[in-house]
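**Student:**
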Amino acid sequence: MGKQPSSLCHCIINAVDLKFDLVIIGGGIVGLATALEAVRTFRDRRIAVLEKENAIARHQTGHNSGVIHSGIYYKPGSLKAKNCVAGAAAMVEFCREHKIPFDICGKVVVATAESELSGLQ
Ligand SMILES: Cc1cc2nc3c(=O)[nH]c(=O)nc-3n(C[C@H](O)[C@H](O)[C@H](O)COP(=O)(O)OP(=O)(O)OC[C@H]3O[C@@H](n4cnc5c(N)ncnc54)[C@H](O)[C@@H]3O)c2cc1C
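Below you can see the structure in the form of structure tokens.
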């Protein structure tokens, strides 16, 4: 009886083909988005995501504020700003495709000092 869990585990591991072309560690949004893109790009490859919890998105990804950031705080034209703008568009497209509700409610950004006006422009 005492040996049962390990032999059961052994059987399951043997029953699964554990050869993959790409293994991504971590089932948060970064790992899952990477996996999605890899599946789209390398259609004939075997891809796996390893997650240490018993479900995906158990850490930051499942506990964030749910804001689709516009990239407004990043330096205009910077890689971060471009990545954020492209990512926001991709997120909206993904939500539409998978019928996930979202709300583009806008954001009010104000200058609190005269010196911030040029940046705001
Ligand atoms: C309070 C808060 C609010 C936020 N609000 C927003 C927001 O409104 N909008 C926004 O865009 N971003 C927001 N963020 C940031 C955003 O949530 C994170 O940038 C994002 O979720 C990070 O994703 P990740 O996949 O890198 O990390 P995680 O979601 O933490 O995923 C990492 C995964 O890897 C797994 N893992 C770790 N080590 C191993 C291992 N050795 N083997 C297997 N699996 C492993 C973990 O279990 C976890 O599931 C917020 C963050 C916080 C903390």
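Just so you know, the numbering used here puts 74 at position 74 of the sequence shown, and the rest follows in order with no gaps.
Beta carbons are placed, not taken as given, at the ideal position from N, Cα and C, and that holds for glycine.
1. What are the start and end residues of each continuous beta strand (DSSP E) run of 3 or more residues lying completely inside the segment 14–68, in chain order?
2. So, is Val49 buried or exposed, given that buried needs 16 or more other C-beta atoms within 10 angstroms?
3. Using a Cβ distance threshold of 8 Å, determine whether the segment 79–97 contacts the segment 54–65, with at least three qualifying pairs required.
4. Would DSSP call Lys99 helix, strand or coil?
5. Span of the alpha helix (DSSP H) holding Gly119?
6. Quick check: does the Cβ of Arg40 come within less than 8 Å of any heavy atom belonging to ligand 1?
7. Let me know the secondary structure DSSP gives Gly87 once reduced to three states.
8. Below 8 Å, how does it come out for the segment 22–30 and the segment 53–63: are there three or more Cβ pairs, yes or no?
9. Here's a check: name, in chain order, each residue in its chain whose Cβ is nearer than 6 Å to the Cβ of Lys3, leaving out the five neighbours to either side.
10. Suppose the cutoff is 7 Å on Cβ atoms and the five residues either side in sequence are ignored; what does the same chain contact list for Arg45 look like?
**Tutor:** Well, looking at it:
1. 22–25 and 47–50
2. Val49 sits buried, since 16 or more C-beta atoms from the chains shown fall within 10 Å of its C-beta.
3. Cβ pair count under 8 Å is below three, so no.
4. coil
5. Leu117 to Leu120
6. no
7. helix
8. yes
9. Residue confidence for Lys3 is low, a pLDDT of 45 falling below 50, so the modelled location carries little weight; the figure read from the coordinates is stated next. Result list for Lys3: empty, nothing under 6 Å.
10. Asp21 and Leu22
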